[in-house]
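Residue numbers (the working numbering): 146 to 520.
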């Protein structure tokens, strides 16, 4: 996120997220969940355009906050970073854990993926052990139905001891019921639990999640995940995993480099034509040379160079990288490289930060030409 208004000044105060101007009828609701479970879809559907982004105080971890109206109350929704665990091993996990532990939220909604509930239940159990007023939202039930997966929501609620609501946020289904349950839970007193007393070994939590999933999830089609398993064998295999990863990422970078050249050239040509018009205007007005140099040759030309060189590669690279994340390939890259990174006392998720696109500027015939190098 870099330096933003949200990450400087008052935004650097310690003590968690700074929630100001909360009215007597306002309630704070935290949204937690694994990556790629539709948590942001739920957040966007509930808040609409009444949202803003920034950084968590003292962190470069992005935060999204928004408001929604329900039953005459204003609910401030905090979209926590997607995490697989609350055992803090990264900045995202630390942010999510600390906010849940702070007791600032009147209710916590843990969003799960109905197509792979077992994987999500680890975070659910850890959240329930950490705080009260938890609501589980089993999302993507429409995808689960297409795969022949049925989730027994009442039984899941009894097993977990917390309310469970089914939803298909992408279709706008279940959100009204979710807010009804959240509003009821948010009225209960918040009493954060003793983290050390509630914490249990990871192996115990995993076994509990597996047992609950076996009891609450029914698979009508034995081959419901056959396609995913074939992709896993191909994309994470010992022989094929790394070569395919290199080919795919190099393909993304090649598209970024080649695709950015043409819009960069057109944008540069258009912006430098504007510079010529500005120079003619300053000459016509008889402006002093120092003013022309400061505003046109200094401020405007620098802005034109930055926009023409940086904007096209970013407009291509980041959507492509987002598609890889949405398709679930980035977690597979982290898995493939995790063993190698552990030898350097790191984890596979840090591999993604190594694939950086560095934009430079090369001057040919008086024009700024974009160049991209892989770091």
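Ideal Cβ positions, reconstructed from N, Cα and C, are used throughout, including at glycine.
Nearest CA to the CA of residue i: which residue from the options?
| i | options | result |
| --- | --- | --- |
| residue 306 | 357, 423, 488 and 263 | 357 |
| residue 384 | 329, 239, 481 and 407 | 481 |
| residue 423 | 409, 410 and 439 | 439 |
| residue 326 | 272, 310 and 212 | 310 |
| residue 421 | 398, 479 and 445 | 445 |
| residue 190 | 299, 243 and 313 | 313 |
| residue 347 | 274, 359, 240 and 414 | 274 |
| residue 387 | 479, 296 and 468 | 479 |
Quick one: residues in its chain with C-beta nearer than 8 Å to the C-beta of residue i, no 5 flanking neighbours on either side, listed in chain order?
| i | result |
| --- | --- |
| residue 180 | 227, 228, 229, 470 and 476 |
| residue 145 | Here the chain covers residues 146 to 520 and nothing more, so residue 145 does not appear. |
| residue 192 | 211, 212, 213 and 222 |
| residue 389 | 379 and 380 |
Buried or exposed: residue i, going by 16 or more other Cβ atoms within 10 Å of its Cβ?
| i | result |
| --- | --- |
| residue 490 | exposed |
| residue 316 | exposed |
| residue 403 | exposed |
| residue 214 | exposed |
| residue 236 | exposed |
| residue 282 | buried |
| residue 319 | buried |
| residue 354 | buried |
| residue 188 | buried |
| residue 265 | buried |
| residue 220 | buried |
| residue 170 | exposed |
| residue 292 | buried |
| residue 374 | exposed |
Go ahead and pull the three-state DSSP assignment for residue i.
| i | result |
| --- | --- |
| residue 176 | strand |
| residue 381 | coil |
| residue 96 | The chain is shown only over 146 to 520; residue 96 falls outside these bounds and no answer can be derived. |
| residue 193 | coil |
| residue 311 | strand |
| residue 276 | coil |
| residue 243 | helix |
| residue 267 | helix |
| residue 203 | With a pLDDT of 48 at residue 203, under the threshold of 50, the modelled position of this residue cannot be trusted; read the value that follows with caution. Reduced to three states, the DSSP call for residue 203 is coil. |
| residue 258 | strand |
| residue 471 | helix |
| residue 406 | helix |
| residue 252 | strand |
| residue 335 | coil |
| residue 182 | coil |
Opposite residue i in the DSSP bridges: which residues?
| i | result |
| --- | --- |
| residue 214 | 219 |
| residue 445 | Answer is none; residue 445 lacks a bridge partner. |
| residue 295 | 363 |
| residue 224 | 176 and 209 |
| residue 318 | 313 |
| residue 170 | Looking at the DSSP assignment, residue 170 forms no beta bridge with any residue, so it has no partner. |
For residue i, which residues in the same chain have their Cβ closer than 6 Å to its Cβ, ignoring the five residues on either side in sequence?
| i | result |
| --- | --- |
| residue 427 | 437 |
| residue 289 | 259 and 260 |
| residue 360 | none |
Looking only at its chain, what residues have a beta carbon closer than 7 Å to the beta carbon of residue i, apart from the 5 residues adjacent to it on each side?
| i | result |
| --- | --- |
| residue 287 | 313 and 316 |
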